[in-house]
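Take a look at the structure set out below.
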Amino acid sequence: MAESIARQVQIHRFERLGVPESQCFYPGKLAASWVTVASALKPSIGTACLELAPMSLHEQIEQFGKSAIASGCELLQIIPLFLLPGVHVMEDIPAEVATAQKTFGSKLTVETRPYIGSHPGFSQLLAKQKTYLQADAWILLSHGSRRQGGNQAMETLATQLGAIPAYWSVPPTLELQVKNLVMAGYQSIGILLCFLFAGGITDAIAQSMKEIKQQFPDVNFQLAEPIGASAELVNLILELTRE
Numbered sequence: 049m050a051e052s053i054a055r056q057v058q059i060h061r062f063e064r065l066g067v068p069e070s071q072c073f074y075p076g077k078l079a080a081s082w083v084t085v086a087s088a089l090k091p092s093i094g095t096a097c098l099e100l101a102p103m104s105l106h107e108q109i110e111q112f113g114k115s116a117i118a119s120g121c122e123l124l125q126i127i128p129l130f131l132l133p134g135v136h137v138m139e140d141i142p143a144e145v146a147t148a149q150k151t152f153g154s155k156l157t158v159e160t161r162p163y164i165g166s167h168p169g170f171s172q173l174l175a176k177q178k179t180y181l182q183a184d185a186w187i188l189l190s191h192g193s194r195r196q197g198g199n200q201a202m203e204t205l206a207t208q209l210g211a212i213p214a215y216w217s218v219p220p221t222l223e224l225q226v227k228n229l230v231m232a233g234y235q236s237i238g239i240l241l242c243f244l245f246a247g248g249i250t251d252a253i254a255q256s257m258k259e260i261k262q263q264f265p266d267v268n269f270q271l272a273e274p275i276g277a278s279a280e281l282v283n284l285i286l287e288l289t290r291e
């Protein structure tokens, strides 16, 4: 899915430069499902993984950077496809980028841009999910962060959406928040998923919902889809590449 997003970003950048899609250059998989690496000077887009990749993130950046330097680029931008300012965003990625920067020296500047969840327009993607569902109460479910203060942004977002927050990896859990709403008398509950793409966690959430429905057979539950690849998401990414 990240490669699909990277390809759409690539096409949009070429279109703005007046270059037809047939002439788009897609570098070999700069690996990753959660971090998009983009050149600011030439529209060469790749992807890189922080985890579950044969190479470490800094090695993936270095590999892509060599091609960027060869093509005349002087600036490489990192767009973290993360939704919370957790340990990955605040510690892991900066450390990997710093390691890669040492390798390039003055030949290439590696710049980390704001993470996707920090974009002011991100809430609109989640608000759009609500238009497809009907419910009297809402839960905004995200992965959650164990980093102190890492979930504050999600709590603020939940308030903006008229929902209460729940997290997959830390409390309050989805099951607990469902019980709280049922005890408050709600019989129709919608769950908004603050996840970019479907995967192992969203599959586990779907399974958890089956168990929750068995506990509360008289309650109508509506489970939203992950945000997914869309023109709106591509636009947010493109805006994060600009000064």
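All residue numbers for the sequence shown refer to the working numbering, where the first residue is 49 and numbers rise by one.
The C-beta atom is built at its ideal place from N, Cα and C for all residues, glycine as well.
It should be emphasised that the depicted structure is a prediction, and the values quoted were computed from it without experimental measurement.
Which of the three DSSP states, helix, strand or coil, is assigned to residue i?
i      : result
Ala252 : helix
Phe170 : helix
Thr160 : strand
Thr95  : strand
Gln263 : helix
Gln182 : coil
Ala246 : coil
Gly276 : coil
Lys155 : coil
Thr84  : Any reading at Thr84 must be qualified, since the residue scores a pLDDT of 40, below 50, and its modelled position is unreliable; the value itself is stated next. In the structure shown, Thr84 sits in a strand (DSSP, three-state: E or B).
Ala175 : helix
Looking at C-alpha atoms only, which residue of the options is the closest neighbour of residue i?
i      : options                           : result
Arg195 : Ile275, His136, Ala206 and Thr151 : His136
Ala201 : Leu224, Ala146, Pro133 and Tyr163 : Pro133
Asp251 : Ile127, Thr95, Gly153 and Pro274  : Pro274
Ile237 : Ile127, Ala175, Ile187 and His167 : Ile187
Leu281 : Pro213, Gln235, Ser193 and Leu131 : Leu131
Glu139 : Met103, Leu98, Leu156 and Lys176  : Leu98
Gly113 : Gly94, Ile127, Tyr215 and Pro102  : Gly94
Gly197 : Val218, Lys178 and Gly210         : Val218
Thr157 : Ala116, Ala143, Ile164 and Thr179 : Ala116
Tyr215 : Thr289, Ser256, Pro142 and Leu105 : Ser256
Ser119 : Gln208, Ala143 and Ser92          : Ser92
Considering residue i, what are the terminal residues of the beta strand (DSSP E) in which it resides?
i      : result
Tyr187 : Position check: residue 187 holds Ile in this sequence, whereas Tyr was assumed. Here the beta strand (DSSP E) through Ile187 covers Ala185 to Ser190.
Ile239 : Ser236 to Leu241
Phe269 : Asn268 to Leu271
Pro128 : Leu123 to Pro128
What residue does the alpha helix (DSSP H) around residue i start on, and which one ends it?
i      : result
Gly113 : Leu105 to Ala118
Leu288 : Ala279 to Leu288
Ile141 : Ile141 to Phe152
Practice task
Would you mind listing the beta strand (DSSP E) stretches within the stretch 193-231 that are 3+ residues and don't spill past its ends, in chain order?
Solution key: 212-215
Problem - Any 3 or more C-beta pairs closer than 8 Å across the stretch 226-244 and the stretch 142-149 - result: no
Handout entry: Segment contact flag, the stretch 210-227 with the stretch 260-267, C-beta cutoff 8 Å, min 3 pairs
Key = yes
Exercise for the section: State whether the stretch 202-213 contacts the stretch 151-164, with contact taken as three or more CB pairs (one from each stretch) at a distance under 8 Å. Expected result: no
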